[in-house]
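Notes follow once the structure below has been shown.
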Amino acid sequence: MSARRKTAARRQAPAARTAAAAVAARPKVTVASLQDLKRAGQPIVMVTAYDFPFARLVDAAGADVILVGDSLGMVVLGFESTLPVTLEHMLHHVQAVARARPRALLVADLPFMSYQVSPQQAVRSAGRLVQHGGAEAVKLEGGERMLPMVEAIVRADIPVLGHLGLTPQSVHRMSGYRVQGRSAEARRRLRREARQLQDAGCFGLVLEAIPAALAAEIRTAVRIPTIGIGAGAACDGQVLVLHDLLGLTEGAMPRFVERFAMLGDAARTGVAAFAAAVRAGRYPRPEHEYGS
Ligand code: KIV
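Under the numbering used here, the first residue of the sequence shown is numbered 2, with each subsequent residue one higher.
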């Protein structure tokens, strides 16, 4: 360990050291252990991450699942939707997250047009995320139409997480990012599709932006864990986009987002302080200099 790291470790408060040790000692999260959490009634925590440092932080904070979501496109790459995200973009970021060797289960999103064409295309894309990216499972969006893709990927021994409700890759069909499952017909369809995805082999379901009462019904109708985002408190777990929960994204947020930290403000303040110190000649000081 370098001298700097040793000093940092000594400075760590005892409570934080105990929490960090508990996280480091916890067993690797697997698809089977997520089922155990559902059975035990323990909420599952899923958070997105897209790079090595945040993957380490999210894992050290005790998340059960790290999702390299295609929200990557919007919160990291600056696209206006998730549609421009490619399998190559995903691979680059999944690899970075996998290098953190998280204890959390590492799930990667299959991006738009990497699985919709055919079951064969879906297996090839999922295989690349696992074989070249280091993902331990993949997520795909959609219901009944995706059943052949789910079955084919599961037959290739790759665990699949389903995603129902507001599915951002269908933004144009849905005419915007709208709450789903409000009509009686849509409720029936979503309940049916949740069961179909379970029977096709999904190990869990993300339920996005649907009424809380519908999510509660789905949760009791399936044996697999349901992980909600804007789907109320009855789900078996919750997921948020990391940059939203840390206050790194700007502009209007969906009503389900809570800011648990304000890192954007902290980052702006830090960089402004550096700029002011440089401009005022207060940085660097003699202690930052190397002797000859
Ligand atoms: O891409 C993503 O981050 C997601 C989560 C919001 C569930 O799909």
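Just so it is clear, CB atoms sit at the ideal spot from N, CA and C, and this is done for glycine as well.
Selection from the options that minimises the alpha carbon distance to residue i
{"i": "Arg104", "options": "Val272, Tyr284, Thr31, Gly292", "result": "Thr31"}
{"i": "Gly135", "options": "Glu145, Ala99, Leu106, Ala185", "result": "Ala99"}
{"i": "Phe257", "options": "Gly166, Gly229, Ala201", "result": "Gly229"}
{"i": "Phe261", "options": "Ala267, Val272, Gly248, Val69", "result": "Gly248"}
{"i": "Ser82", "options": "Arg102, Val69, Pro112, Val66", "result": "Pro112"}
{"i": "Ala123", "options": "His93, Leu88, Ala101, Ala97", "result": "Leu88"}
{"i": "Gln96", "options": "Gly238, Val76, Val118, Ala56", "result": "Ala56"}
{"i": "Ser184", "options": "Ala201, Ile211, Ile219", "result": "Ile211"}
{"i": "Gly177", "options": "Pro255, Ala278, Gln43, Arg280", "result": "Pro255"}
{"i": "Pro54", "options": "Asp37, His94, Ala33", "result": "His94"}
{"i": "Val181", "options": "Gly79, Ala232, Ala217, Met147", "result": "The question names Val, yet the displayed sequence has Gln at residue 181. The option with the nearest alpha carbon to Gln181 is Ala232."}
{"i": "Tyr51", "options": "Gln132, Ala26, Pro285, Ala101", "result": "Ala101"}
{"i": "Leu84", "options": "Arg27, Pro169, Asp37", "result": "Pro169"}
Check whether residue i and residue j have beta carbons under 8 Å apart
{"i": "His164", "j": "Glu209", "result": "yes"}
{"i": "Met114", "j": "Val240", "result": "no"}
{"i": "Leu73", "j": "Val86", "result": "yes"}
{"i": "Met91", "j": "Ala62", "result": "no"}
{"i": "Arg179", "j": "Leu162", "result": "no"}
{"i": "Ile159", "j": "Ala187", "result": "no"}
{"i": "Glu194", "j": "Glu145", "result": "yes"}
{"i": "Ala235", "j": "Ala253", "result": "no"}
{"i": "Asp237", "j": "Thr221", "result": "no"}
{"i": "Leu130", "j": "Asp65", "result": "no"}
{"i": "Thr49", "j": "Leu35", "result": "no"}
{"i": "Ile219", "j": "Arg192", "result": "yes"}
{"i": "Gln199", "j": "Val223", "result": "yes"}
{"i": "Val207", "j": "Lys140", "result": "yes"}
N-terminal and C-terminal residue of the beta strand (DSSP E) that residue i is part of
{"i": "Ala109", "result": "106-110"}
{"i": "Leu206", "result": "205-209"}
{"i": "Ala138", "result": "138-140"}
{"i": "Gln239", "result": "238-241"}
{"i": "Leu68", "result": "66-69"}
{"i": "Met147", "result": "It is not in any beta strand (DSSP E) - Met147 carries neither H nor E in the DSSP assignment."}
{"i": "Val48", "result": "45-49"}
{"i": "Thr227", "result": "227-230"}
Extent of the continuous alpha helix (DSSP H) to which residue i belongs
{"i": "Leu130", "result": "120-132"}
{"i": "Ile219", "result": "213-222"}
{"i": "Val272", "result": "264-280"}
{"i": "His164", "result": "That residue, His164, is in no alpha helix (DSSP H); its beta strand (DSSP E) goes 161-166."}
{"i": "Phe53", "result": "53-61"}
{"i": "Ser34", "result": "32-41"}
{"i": "Gly74", "result": "73-76"}
Beta-carbon separation (whole angstroms), residue i vs residue j, contact threshold 8 Å
{"i": "Gly202", "j": "Val155", "result": "3 Å"}
{"i": "Tyr116", "j": "Met150", "result": "5 Å"}
{"i": "Glu251", "j": "Gly265", "result": "7 Å"}
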